[in-house]
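Protein chains in written order, with the numbering used here: chain A, 43 to 314; chain B, 43 to 314.
Structure first, commentary second.
Number of protein chains: 2
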Amino acid sequence: MAGTDKTRSADLGPAPTVVLVNPQLGENIGMAARAMANFGLFDLVLVDPREGWDRERAESTASGAHETVKKAIIFNTLTDALKDQQYVYATTARPRGMTKDVMTPEQAGHDMRARVKRGEKVALMFGRERWGLTNDEVSLADVVVTAPVNPAYASLNIAQAVLLMGYEWFKHGATTLGQATPELPALEGPGLQMPDTRPATKEELQGFFDHLERELAEAGFFKTEDKRPGMMRNIRNLYARTQMTEQEVRSLRGVVASLSRTHERRKKGEEG
Amino acid sequence: MAGTDKTRSADLGPAPTVVLVNPQLGENIGMAARAMANFGLFDLVLVDPREGWDRERAESTASGAHETVKKAIIFNTLTDALKDQQYVYATTARPRGMTKDVMTPEQAGHDMRARVKRGEKVALMFGRERWGLTNDEVSLADVVVTAPVNPAYASLNIAQAVLLMGYEWFKHGATTLGQATPELPALEGPGLQMPDTRPATKEELQGFFDHLERELAEAGFFKTEDKRPGMMRNIRNLYARTQMTEQEVRSLRGVVASLSRTHERRKKGEEG
Numbered sequence: 043m044a045g046t047d048k049t050r051s052a053d054l055g056p057a058p059t060v061v062l063v064n065p066q067l068g069e070n071i072g073m074a075a076r077a078m079a080n081f082g083l084f085d086l087v088l089v090d091p092r093e094g095w096d097r098e099r100a101e102s103t104a105s106g107a108h109e110t111v112k113k114a115i116i117f118n119t120l121t122d123a124l125k126d127q128q129y130v131y132a133t134t135a136r137p138r139g140m141t142k143d144v145m146t147p148e149q150a151g152h153d154m155r156a157r158v159k160r161g162e163k164v165a166l167m168f169g170r171e172r173w174g175l176t177n178d179e180v181s182l183a184d185v186v187v188t189a190p191v192n193p194a195y196a197s198l199n200i201a202q203a204v205l206l207m208g209y210e211w212f213k214h215g216a217t218t219l220g221q222a223t224p225e226l227p228a229l230e231g232p233g234l235q236m237p238d239t240r241p242a243t244k245e246e247l248q249g250f251f252d253h254l255e256r257e258l259a260e261a262g263f264f265k266t267e268d269k270r271p272g273m274m275r276n277i278r279n280l281y282a283r284t285q286m287t288e289q290e291v292r293s294l295r296g297v298v299a300s301l302s303r304t305h306e307r308r309k310k311g312e313e314g
Numbered sequence: 043m044a045g046t047d048k049t050r051s052a053d054l055g056p057a058p059t060v061v062l063v064n065p066q067l068g069e070n071i072g073m074a075a076r077a078m079a080n081f082g083l084f085d086l087v088l089v090d091p092r093e094g095w096d097r098e099r100a101e102s103t104a105s106g107a108h109e110t111v112k113k114a115i116i117f118n119t120l121t122d123a124l125k126d127q128q129y130v131y132a133t134t135a136r137p138r139g140m141t142k143d144v145m146t147p148e149q150a151g152h153d154m155r156a157r158v159k160r161g162e163k164v165a166l167m168f169g170r171e172r173w174g175l176t177n178d179e180v181s182l183a184d185v186v187v188t189a190p191v192n193p194a195y196a197s198l199n200i201a202q203a204v205l206l207m208g209y210e211w212f213k214h215g216a217t218t219l220g221q222a223t224p225e226l227p228a229l230e231g232p233g234l235q236m237p238d239t240r241p242a243t244k245e246e247l248q249g250f251f252d253h254l255e256r257e258l259a260e261a262g263f264f265k266t267e268d269k270r271p272g273m274m275r276n277i278r279n280l281y282a283r284t285q286m287t288e289q290e291v292r293s294l295r296g297v298v299a300s301l302s303r304t305h306e307r308r309k310k311g312e313e314g
């Protein structure tokens with residue numbers, strides 16, 4: 043699996059419980075478990091799954107996350123399933139005639155983090171195929187979470203809904219604290235990845251510009267002297283927009299040296 | 043489909059193109075098309091799909107988004123597929139030994155909105171199963187997008203990756219007004235000031251790289267042939283980090299032409 047580090051513990055600390063209400067297919071349960079594992083969710087609860095749901099299929103679909111399916115707790119009623127929870131998010135495509143707080147997945151991500159950090163037990167509730175929860179089921183939740191989707195094509199399956207909610211949960215651990223838990227080493231932040239080198243100094247950069255300008259002047263690039271400052275400024279602006287590494291500056295000087303030495307090589311070839 | 047409003051037009055205005063590199067299974071292509079439709083993405087490009095990929099399976103998996111699969115454009119090479127694009131995001135699990143800007147999906151969402159609003163053509167690039175892109179493929183992109191995932195379970199399949207990127211694209215249009223519409227003003231980005239010019243297309247950029255590589259080969263810059271691909275990749279990565287304008291690409295081609303013609307001028311000088 044690309045990017046998977048098997049030596050890392052899968053346990054990233056306390057996290058929301060995922061509650062699937064009345065799931066119909068083992069395959070969907072397995073896909074949901076995989077999406078959970080991607081984002082550090084491991085507690086799965088199934089409420090009244092369809093009779094004869096295919097447990098083997100669920101585990102094989104879950105792939106590396108089959109333990110999550112194996113350890114899933116099954117309840118007959120949603121009320122029982124939620125009884126130890128302290129805050130419950132119901133995911134639905136749209137709120138239906140209810141006076142209920144609505145959050146975006148992103149807001150829910152922040153909210154979950156804050157609550158779990160305070161030691162609260164929180165659960166994410168997902169309905170049957172495509173976010174379907176009855177009004178009664180939704181009424182057991184504290185808040186409704188609705189993802190912005192294309193109104194002309196709003197269907198999200200359970201695993202996709204779990205993926206988005208898991209993503210927002212994990213993201214806010216990764217960005218707020220720089221890491222999700224004390225044990226998890228900081229995720230590579232955004233910004234420039236610079237393996238085995240360092241940002242070039244302005245002196246090194248200027249050395250490159252001087253070198254380039256010298257060679258360009260020699261090559262007759264600046265048709266007239268009065269155009270020279272503007273042309274060099276444009277070139278400097280181009281390179282200034284990206285932080286160059288020390289290695290890259292050396293590489294570019296190599297390019298300039300190489301191109302402007304072409305004649306020597308050719309002449310040698312002619313003479314030899 | 044819960045929450046789907048068939049009366050709403052599926053066309054939400056200009057949006058990023060989704061480029062799947064070397065997809066293997068029709069089912070994955072179909073799932074990616076569904077995830078696209080959820081978030082208002084409709085332009086699908088397939089690069090070198092596996093011979094004999096199951097188009098029927100793709101369309102049936104795509105369900106309501108089968109039109110997206112039907113209209114998908116197929117290219118033999120990634121370079122061809124990207125040639126009209128002006129900014130390309132490569133999604134990978136983690137950057138691998140390259141000096142390259144990295145964004146989170148959220149940052150990419152903001153960035154895409156700002157660029158599309160300015161009229162730029164942008165593409166999201168996805169690799170084979172589980173975000174796999176080669177270093178050479180990544181070097182054709184302007185920026186790498188990496189999602190924060192559980193390091194112990196980092197596998198995301200193509201459709202999931204498309205879903206997350208589509209979600210972040212759509213979210214940043216939708217959060218402002220509560221829904222995305224063609225009239226929706228995109229978020230203002232910081233953005234590059236580009237007076238009297240426009241972002242270069244990938245074809246123009248590739249023309250510069252080809253020109254440079256030709257001249258460098260002639261100049262003996264690549265000490266050995268096996269070093270050549272890596273050296274050119276580093277150079278492409280450098281220029282890919284900053285969005286070059288059409289004017290700048292022309293200017294750099296002038297630089298290369300000028301430097302590599304030095305010998306002719308010198309010879310003329312000697313003869314004259």
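We put the CB at the ideal spot given by N, CA and C, even for glycine.
Practice problem: Within 10 angstroms of the Cβ of residue 259 of chain A, are there 16 or more other Cβ atoms? Answer buried if so, exposed if not. | Solution: exposed
Quiz item: Do the segment 193-211 of chain B and the segment 71-78 of chain B touch if we need at least three Cβ pairs shorter than 8 Å?
Solution: yes
Self-check item: Endpoints, the beta strand (DSSP E) within which residue 165 of chain B is located
Solution: 164-168
Self-check item: Per-residue contacts from residue 277 of chain A into chain B (C-beta, under 9 Å)
Solution: 290, 293, 294 and 297
Quiz item: Tell me the DSSP bridge mates of residue 117 of chain B?
Solution: B:89
Self-check item: residue 192 of chain A versus residue 102 of chain B: straight-line alpha-carbon distance, rounded
Solution: 20 Å
Quiz item: Can a CB atom of chain B be found closer than 8 Å to the CB of residue 262 of chain A?
Solution: yes
Quiz item: Do residue 168 of chain B and residue 133 of chain B have their C-beta atoms closer together than 8 Å?
Solution: yes
Quiz item: Between B:54, B:55, B:114 and B:194, which lies nearest to residue 68 of chain B when the distance is taken from Cα to Cα?
Solution: B:114
Quiz item: Excluding five sequence neighbours on each side, which residues of the same chain lie with their C-beta closer than 7 Å to the C-beta of residue 224 of chain A?
Solution: Reliability fails at residue 224 of chain A, whose pLDDT of 32 lies under 50, so the model's placement of it is uncertain and no value is given.
Quiz item: Within the chosen definition, does the segment 91-107 of chain A reach the segment 122-129 of chain A through at least 3 CB pairs nearer than 8 Å?
Solution: no
Quiz item: Sorted by chain position, which residues of the same chain lie with C-beta nearer than 6 Å to residue 271 of chain B's C-beta, five sequence neighbours on each side aside?
Solution: none
Exercise. Alpha carbon to alpha carbon, how far is residue 181 of chain B from residue 139 of chain B? Give it in angstroms, no decimals.
Key: 11 Å
Practice problem: Would you identify the three-state DSSP class for residue 281 of chain B, choosing helix, strand or coil? | Solution: helix
Exercise. Quick one: list the residues of chain B neighbouring residue 283 of chain A, beta-carbon separation under 7 Å, in chain order.
Key: 284
Practice problem: Quick one: residues in its chain with C-beta nearer than 8 Å to the C-beta of residue 298 of chain B, no 5 flanking neighbours on either side, listed in chain order? | Solution: 250, 253, 254 and 257
Practice problem: Please list the partners that residue 243 of chain A has in chain B, where partner means a Cβ-to-Cβ separation under 9 Å. | Solution: Per Cβ cutoff of 9 Å: no residues; residue 243 of chain A is ~16 Å from chain B at best.
Quiz item: For residue 63 of chain B, does the three-state DSSP call read helix, strand or coil?
Solution: strand
Quiz item: By the 10 Å Cβ neighbour count, where 16 or more other Cβ atoms means buried, how is residue 245 of chain A classified, buried or exposed?
Solution: exposed
Exercise. Have a look at residue 158 of chain A and residue 123 of chain A and give me their C-alpha separation to the nearest angstrom.
Key: 18 Å
Exercise. Could you tell me the boundaries of the beta strand (DSSP E) in which residue 178 of chain B lies?
Key: No beta strand (DSSP E) holds residue 178 of chain B; the alpha helix (DSSP H) holding it covers 177-181.
Self-check item: Strand pairing of residue 241 of chain B, partner residues [DSSP]
Solution: B:287
Quiz item: Smallest Cα separation from residue 210 of chain B: which of B:64, B:301 and B:80?
Solution: B:80
Quiz item: How should residue 56 of chain A be labelled, buried or exposed, when 16 other C-beta atoms within 10 angstroms of its C-beta is the threshold for buried?
Solution: exposed
Exercise. Taking all protein chains shown into account, decide if residue 151 of chain A is buried (16 or more other Cβ within 10 angstroms of its Cβ) or exposed.
Key: buried
Quiz prompt | Euclidean distance between Cα positions of residue 190 of chain A and residue 148 of chain A | solution = 10 Å
Quiz item: Are the CB atoms of residue 239 of chain B and residue 289 of chain B nearer to each other than 8 Å?
Solution: yes
Self-check item: First and last residue of the uninterrupted alpha helix (DSSP H) at residue 158 of chain B
Solution: 147-159
Quiz item: Out of B:104, B:117, B:277 and B:184, which has the shortest C-alpha to C-alpha gap to residue 199 of chain A?
Solution: B:104
Quiz prompt | CB contact below 8 Å: residue 209 of chain B versus chain A | solution = yes
Quiz item: How would you label residue 277 of chain B, buried or exposed, when you count the other beta carbons within 10 angstroms and need 16 or more for buried?
Solution: buried
Practice problem: Would you kindly check if the distance between the Cβ of residue 117 of chain B and the Cβ of residue 87 of chain B is under 8 Å? | Solution: yes
Quiz item: Closer than 8 Å, CB to CB, is residue 303 of chain B near chain A or not?
Solution: yes
Quiz item: CA-CA distance, residue 153 of chain A and residue 71 of chain B?
Solution: 35 Å
Quiz item: Since residue 267 of chain B meets chain A, which of its residues come closer than 7 Å, beta carbon to beta carbon?
Solution: Within 7 Å Cβ-Cβ: nothing; residue 267 of chain B doesn't reach chain A, min ~16 Å.
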